[in-house]
Amino acid sequence: MKKWNDSPKIQELLSRMTLQEKIGQLNQRNICAYDEHVEEIKQEVREGKIGSLLFSGSAIPENGGMEAFDLDFTRELQEAAMESRLKIPLLLGRDVIHGFETIFPIPLMMAASFDDRLIEECYSALAAEAGNAGVRWAFAPMLDLSRDPRWGRVIEGPGEDPLLGSRYAASAVRGFQGGSPAQEGRLLACAKHFIGYGASEGGRDYHHTEISDYALQNQYLPAFRAAVRAGVGSVMASFNELSGQPVTGSRRLLTEVLREQLGFDGFVVSDWGGVEQLEAQGVAENGADCARLALQAGVDMDMADQCFARHLEAEVMAGRVSMEEIDRAVERVLQAKLRAGLFRQPVRETVNIDRVKHRALARRIAGESMVLLKNDRNLLPLSKKGRVVLTGCMAQNRDSLMGAWTPDGSADSVITIEEGIRAVAPELELFTESCTLLSDMTAVMEQADTVILALGESARASGEFHCLADISLPEDQAALALRARRLGKKVVGLLCFGRPIALGDTISLFDAVLYAGHAGCEAGMAAAELLFGDRNPSGHLSMTLPRSVGQLPLYYNAAPSGRPVNGYYTECRNYIDESGSPLYPFGYGLSYTSFQVEKARLEKETLSLAELSAGEKAVLHVWVSNTGERDGDTVLQLYLRDPAASMARPLRELKAYERRTLSAGETAEFVFRLGLEELGYYLPDGLLTLEKGEIQLFAGFDAWAEECAKLRIV
Ligand code: GLC
Numbered sequence: 248m249k250k251w252n253d254s255p256k257i258q259e260l261l262s263r264m265t266l267q268e269k270i271g272q273l274n275q276r277n278i279c280a281y282d283e284h285v286e287e288i289k290q291e292v293r294e295g296k297i298g299s300l301l302f303s304g305s306a307i308p309e310n311g312g313m314e315a316f317d318l319d320f321t322r323e324l325q326e327a328a329m330e331s332r333l334k335i336p337l338l339l340g341r342d343v344i345h346g347f348e349t350i351f352p353i354p355l356m357m358a359a360s361f362d363d364r365l366i367e368e369c370y371s372a373l374a375a376e377a378g379n380a381g382v383r384w385a386f387a388p389m390l391d392l393s394r395d396p397r398w399g400r401v402i403e404g405p406g407e408d409p410l411l412g413s414r415y416a417a418s419a420v421r422g423f424q425g426g427s428p429a430q431e432g433r434l435l436a437c438a439k440h441f442i443g444y445g446a447s448e449g450g451r452d453y454h455h456t457e458i459s460d461y462a463l464q465n466q467y468l469p470a471f472r473a474a475v476r477a478g479v480g481s482v483m484a485s486f487n488e489l490s491g492q493p494v495t496g497s498r499r500l501l502t503e504v505l506r507e508q509l510g511f512d513g514f515v516v517s518d519w520g521g522v523e524q525l526e527a528q529g530v531a532e533n534g535a536d537c538a539r540l541a542l543q544a545g546v547d548m549d550m551a552d553q554c555f556a557r558h559l560e561a562e563v564m565a566g567r568v569s570m571e572e573i574d575r576a577v578e579r580v581l582q583a584k585l586r587a588g589l590f591r592q593p594v595r596e597t598v599n600i601d602r603v604k605h606r607a608l609a610r611r612i613a614g615e616s617m618v619l620l621k622n623d624r625n626l627l628p629l630s631k632k633g634r635v636v637l638t639g640c641m642a643q644n645r646d647s648l649m650g651a652w653t654p655d656g657s658a659d660s661v662i663t664i665e666e667g668i669r670a671v672a673p674e675l676e677l678f679t680e681s682c683t684l685l686s687d688m689t690a691v692m693e694q695a696d697t698v699i700l701a702l703g704e705s706a707r708a709s710g711e712f713h714c715l716a717d718i719s720l721p722e723d724q725a726a727l728a729l730r731a732r733r734l735g736k737k738v739v740g741l742l743c744f745g746r747p748i749a750l751g752d753t754i755s756l757f758d759a760v761l762y763a764g765h766a767g768c769e770a771g772m773a774a775a776e777l778l779f780g781d782r783n784p785s786g787h788l789s790m791t792l793p794r795s796v797g798q799l800p801l802y803y804n805a806a807p808s809g810r811p812v813n814g815y816y817t818e819c820r821n822y823i824d825e826s827g828s829p830l831y832p833f834g835y836g837l838s839y840t841s842f843q844v845e846k847a848r849l850e851k852e853t854l855s856l857a858e859l860s861a862g863e864k865a866v867l868h869v870w871v872s873n874t875g876e877r878d879g880d881t882v883l884q885l886y887l888r889d890p891a892a893s894m895a896r897p898l899r900e901l902k903a904y905e906r907r908t909l910s911a912g913e914t915a916e917f918v919f920r921l922g923l924e925e926l927g928y929y930l931p932d933g934l935l936t937l938e939k940g941e942i943q944l945f946a947g948f949d950a951w952a953e954e955c956a957k958l959r960i961v
């Protein structure tokens with residue numbers, strides 16, 4: 248990978264910078280469009296005291312009512328930078344998480360498509376839209392593996408699996424950065440939050456995380472390894488304290504692991520206020536300690552709290568921070584600006600945006616992300632000529648379907664569930680009330696035999712600092728489903744929740760359930776196309792669906808146990824009051840057709856460690872049939888288990904997957920190649936390891952896939 252820290256331009260520029268100008272490059276301030284600080288900030292930019300600005304007024308749609316920024320505003324800001332002594336351009340950043348003008352499904356949903364190419368296309372569209380507003384740096388993709396849906400930020404990431412997270416990371420970085428972030432329509436990506444934030448204890452945001460080195464290497468780091476390999480330009484340090492070390496002040500994590508082990512050569516930005524929070528986290532006595540600790544740990548840019556700006560100069564003068572440490576951070580920031588094309592073009596011309604194409608992308612990935620959980624007696628797809636009732640709190644909702652972190656989105660752009668159904672099935676006799684009272688909803692249910700209950704949660708019930716202690720189906724929504732059941736209706740649950748929820752026994756109230764999530768501006772159309780059969784469901788859960796919140800954390804790649812309590816593949820009693828198994832496992836998703844693994848064959852059933860170390864791979868062929876009457880997309884998943892190794896390896900580990908369309912009756916051959924990295928695992932010190940013995944392989948359509956082959960390593 249090209250090393251960026253050796254550009255003569257940067258060295259020459261560095262040699263001319265004063266200490267104040269160097270520290271200015273490490274200082275990022277927040278700016279809300281046209282607020283009262285704009286002139287003060289522009290003056291500081293002219294004086295070389297600010298190197299980057301983030302536009303972060305709000306995470307809710309329409310920028311929380313504040314003025315959005317635009318190209319003219321960003322041009323104004325860059326003009327101020329061009330008036331500075333050294334004319335170093337600003338790096339302008341924004342939370343472009345899963346939408347800009349076009350709102351795509353939340354990342355947890357997009358990951359459920361298992362469609363790497365489509366995900367990349369969506370991020371390319373995002374980059375073009377954000378770039379047209381002057382954004383040159385996106386604080387995304389968020390790659391925090393999480394196993395606890397009580398944590399509101401699960402919606403921002405790709406779920407519970409290291410491989411799915413890795414493939415998502417690579418797709419998003421490629422989509423954002425393309426061949427170079429300096430190209431038109433591209434921008435600098437930011438892998439966040441490094442590292443372990445998703446393990447916040449109890450799903451409580453910003454909380455303690457206890458992560459062993461073994462879990463860090465094998466669960467939490469893979470997505471960041473993939474982002475680094477994809478050439479991500481920046482990394483954001485996470486708020487959490489990890490086993491006693493706040494990440495923002497951890498040299499072990501930000502330098503030894505991120506840079507020396509993973510080979511990251513971009514720059515590290517703290518999360519908002521993360522530098523000065525080191526004092527509250529108990530590892531610094533004052534702001535000066537915070538600044539020194541964070542810089543020496545490996546933070547190059549200080550987001551929003553100006554801790555670097557206030558303290559680093561004095562720390563250098565006092566000899567507690569060296570000029571080399573300052574220069575190292577400045578070099579990384581300047582290299583990123585060079586790489587992002589800012590020196591050549593501080594303000595880019597706009598690119599042509601095909602909004603129709605972007606909305607078509609949004610609809611397609613929403614349709615591929617929604618997960619059909621249940622479909623008793625093939626109730627779905629519904630006839631377009633029948634009589635159907637639609638009711639429930641999400642039937643006419645717009646802004647919550649966008650999901651959290653959509654400041655540049657507008658609820659006006661969202662097609663509601665009702666609008667989607669009317670568009671997809673114009674001849675349907677649809678009875679609905681834009682009601683919220685249970686009694687009104689019940690009254691309307693008398694109109695037809697089939698009831699679609701559009702249920703869900705507000706977009707403000709998830710996202711940063713929006714965690715839930717109770718993730719069961721809200722009582723009023725369960726009551727509505729019970730009412731429909733008692734009225735003898737056929738009940739379709741359309742679940743528009745951001746996070747996985749714990750349906751528990753309420754699942755029995757529904758004949759069919761489509762997990763529609765917060766699926767963006769085209770949610771209504773995508774859901775309607777699936778409900779009425781224009782499209783065949785093909786989403787697969789990116790996160791386990793528990794039965795109850797008491798089971799959490801619950802995830803498929805659990806460690807084996809000395810007793811069968813942990814092998815939730817069989818009905819086991821971890822609790823005396825609850826099952827030990829999930830309601831639906833990771834990777835699960837139904838279709839209107841059916842798929843089955845016909846057979847599997849390893850080209851070589853035995854491979855030596857020497858062959859694998861020399862790059863040879865185990866090649867597994869799997870034949871899959873579409874045994875139903877209609878075409879459909881399947882996601883063949885390959886899991887492995889290493890039942891006897893130096894460390895206890897999980898009961899299942901997803902090691903490959905491929906999404907493919909199979910025509911009705913078609914049998915297709917899938918080929919998976921497994922090398923040392925796929926078959927092996929990381930020891931706590933980060934050494935990739937594989938030992939002799941047997942590896943069990945499982946091929947199927949969720950984490951409960953059947954064993955299909957055994958590989959011997961000799
Ligand atoms: C927030 C989030 C981070 C975001 C940043 C800028 O606190 O943790 O993900 O990018 O601040 O808005």
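Adding 247 to a residue's 1-based position in the sequence shown gives its number in the numbering used here.
Every residue gets a Cβ at the ideal spot worked out from N, C-alpha and C, and that includes glycine.
Looking at the DSSP output, residue 873 bridges to 842. Bounds of any beta strand (DSSP E) do not take in residue 600, whose DSSP letter is neither H nor E. Shortest Cα-Cα distance from residue 644 to any of 452, 742 and 456 involves 742.
374 is the residue among 333, 374, 323 and 301 whose C-alpha sits nearest the C-alpha of residue 345.
Two segments are said to touch when three or more pairs of C-beta atoms, one from each, lie closer than 8 Å; by this definition the stretch 632-640 touches the stretch 671-689.
The beta carbons of residue 552 and residue 273 sit no closer together than 8 Å. Restricting attention to alpha helix (DSSP H) runs no shorter than 4 residues, the stretch 632-708 encloses them at 646-649, 664-671 and 685-692, ordered along the chain. Looking only at 873, 936, 754 and 848, the smallest Cα-Cα distance to residue 955 is reached by 848. Secondary structure at residue 743: strand, using DSSP grouped into helix, strand and coil. Contact between residue 380 and residue 441 does not hold, since their C-beta atoms are separated by about 27 Å, which reaches or exceeds 8 Å. DSSP places residue 616 in the helix class (H, G or I) of the three-state scheme. Contact between the stretch 646-662 and the stretch 686-697 is absent: fewer than three C-beta pairs spanning the two stretches fall below 8 Å. Membership of residue 534 in the alpha helix (DSSP H) is indicated by the continuous run 534-544. A distance below 8 Å separates the beta carbons of residue 467 and residue 458. Straight across, the Cα-Cα distance linking residue 414 with residue 473 is about 7 Å. The beta carbon of residue 937 sits closer than 8 Å to those of 856, 859, 923, 926, 927, 928 and 960, all from its chain and outside the five residues before and after it, given in chain order. Nearest Cα to residue 355 within the set 404, 597 and 873: 404. Pairing residue 324 with residue 292 gives a Cβ-Cβ distance under 8 Å. Runs of the beta strand (DSSP E) lying entirely within the stretch 742-772, each at least 3 residues long, are 759-762 in chain order.
In this structure, 933 is the residue among 939, 614 and 933 with its C-alpha nearest to the C-alpha of residue 461. Secondary structure of residue 339 (DSSP, three-state): strand. Taken from the Cβ of residue 489, every heavy atom of the ligand GLC lies 7 Å or farther away.
The residues 268 and 295, in chain order, have a CB closer than 8 Å to that of residue 332 in the same chain once the five nearest residues on each side in sequence are set aside. The stretch 866-886 and the stretch 898-908 touch, with no fewer than 3 CB-CB distances between them shorter than 8 Å. By the neighbour-count definition (other C-beta atoms within 10 Å, threshold 16), residue 570 is an exposed residue. In this structure the stretch 743-762 does not lie against the stretch 597-605, because fewer than three pairs of beta carbons, one per stretch, are closer than 8 Å. Note on geometry: alpha-carbon atoms of residue 393 and residue 408 lie some 8 Å from one another. The secondary-structure analysis by DSSP pairs residue 837 across a beta bridge with 619. Short of 7 Å from the beta carbon of residue 920, and not among the five residues preceding or following it, lie these beta carbons of its own chain, in chain order: 864 and 866. Here residue 795 has 749, 751 and 825 as same chain residues with Cβ atoms under 6 Å from its own Cβ, once five neighbours each way along the sequence are excluded.
At least one heavy atom of the ligand GLC lies less than 7 Å from the C-beta of residue 440. Relative to residue 514, the option among 554, 371, 584 and 784 whose CA is nearest is 584.
Residue 955 carries a strand assignment under DSSP once its states are collapsed to helix, strand and coil. Membership of residue 941 in the beta strand (DSSP E) is indicated by the continuous run 940-947. Distance from the Cα of residue 617 is smallest, within the candidate group 558, 362, 263 and 821, for 362.
By the neighbour-count criterion, in which a residue is buried when 16 or more other Cβ atoms sit within 10 angstroms of its Cβ, residue 852 is exposed.
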